Structure formats: structure tokens, C-alpha cells
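Trainee:
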Amino acid sequence: MKKMENSFVVSGFVGKDASIHQFSTASVARFPLAISRTEKSGEETTRTSAFINVEAWRKNENTTSFDRLVKGALLTVEGYFKPEEWQDADGVKHNRVAFVATRFYEAVEKEETPAAQEKNSRKGK
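Heads up: the sequence shown begins at 2 in this note's numbering, then just goes up one per residue.
(1) If you follow the beta strand (DSSP E) that R104 is in, where does it begin and where does it stop?
(2) Can you check which of these residues, F9, E86, M2, is closest to I36 by C-alpha distance?
(3) What is the DSSP secondary structure of T65, counted as helix, strand or coil?
(4) Quick check: F67 and G16, are their CB atoms within less than 8 Å of each other?
(5) Given that a residue counts as buried once 16 or more other Cβ atoms are within 10 Å of its Cβ, and exposed if not, what is L76?
(6) Are there 16 or more other CB atoms within 10 angstroms of the CB of A90, so buried, or fewer, so exposed?
(7) Hey, out of E107, A102, A108, whose CA is closest to S28's CA?
(8) Helix or strand or just coil, what does DSSP make of A27?
(9) DSSP on K3, reduced to helix/strand/coil?
(10) Does the distance from the CB of T26 to the CB of N61 come in under 8 Å?
(11) For V71, which three-state DSSP category applies?
(12) I believe A57 touches A30 by the beta-carbon criterion, under 8 Å. Please report the beta-carbon distance rounded to the nearest angstrom.
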């Protein structure tokens, strides 16, 4: 049987400062990450953007990395998907997939290639 891997790597901008909650032995930081994708269809290029909600857990003595989770920071986030199910007070079942960050670091902004720069400059004319 082939091994399935539950992981993701994505780069984007932190949408707002992380909300940090401390528990007895660990802390969690939750933050929105703005991601986008460029799609090309013929001569038309469109950009689709979305926010994903990310959570990162750390032991209480190791939360200094949370300092970089500020609005506007460009980060690369690595992690895994965690399915969650719960039942509310009315008995309605809910589910979602959480994006759990195991690692995050400053992303390197990619420069446009010369061909893309030329193409974009022609669009402005």
C-alpha cells in the first residue's frame, strides 16, 4: 500500500496579528493567512485570493516564534491538515479542516521574471 502524506506548504501574508491563548503546558497562536493563485486562460490572467485560518502550537517555554505572526508579515507555513468534528448545544454536528502549522518562517519574495515584467509593462500601454 502506498503511503499517504498529510502535509501542506504555502506562502502568504498574515492577515492580522495572531490571537495567542496560553494553557497550562502549551500555547496556541491562531491567525489568518492571505494566499493567492494566478491563473492564465489565453491572454487573460486572473488572481484568486482567499484567507485560510492557521493554528500553531508551541510549548509555553518556546513561544518566541509567535513574535513574527504580525499583520502584513510574508511567511511560508508548513504543516498538516487536522479534521475536527463537534456537536453544538442544539445537537447539530459540524466539521472543519484545521491548518496546523508545524513550522513557519519569513518567505522570500519572488521577483518577476524578465518575460513577465515585459508582458506587464505592455499591458499598461
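Glycine included, every Cβ here is placed at the ideal spot set by N, Cα and C.
Bear in mind the structure is a predicted one, so any value in this text is a computation, not a measurement.
Mentor: From the atom records:
(1) Taken as a continuous stretch (DSSP letters only), the beta strand (DSSP E) holding R104 covers 94-107.
(2) Ranked by Cα distance from I36, the options F9, E86, M2 are led by F9.
(3) Three-state DSSP puts T65 in a helix.
(4) Against a cut-off of 8 Å, the Cβ pair of G16 and F67 comes out as no contact.
(5) By the neighbour-count rule (16 or more Cβ atoms within 10 Å), L76 is buried.
(6) With fewer than 16 other beta carbons inside 10 angstroms of its own, A90 counts as exposed.
(7) Taking each of E107, A102, A108 in turn and checking the Cα distance to S28, the smallest one comes out for A102.
(8) Of the three classes helix, strand and coil, the one that applies to A27 here is strand, per DSSP.
(9) It is coil, neither helix nor strand.
(10) Yes, they are a contact pair.
(11) The answer is coil: DSSP assigns V71 none of H, G, I, E or B.
(12) Correct: roughly 5 Å between the Cβ atoms.
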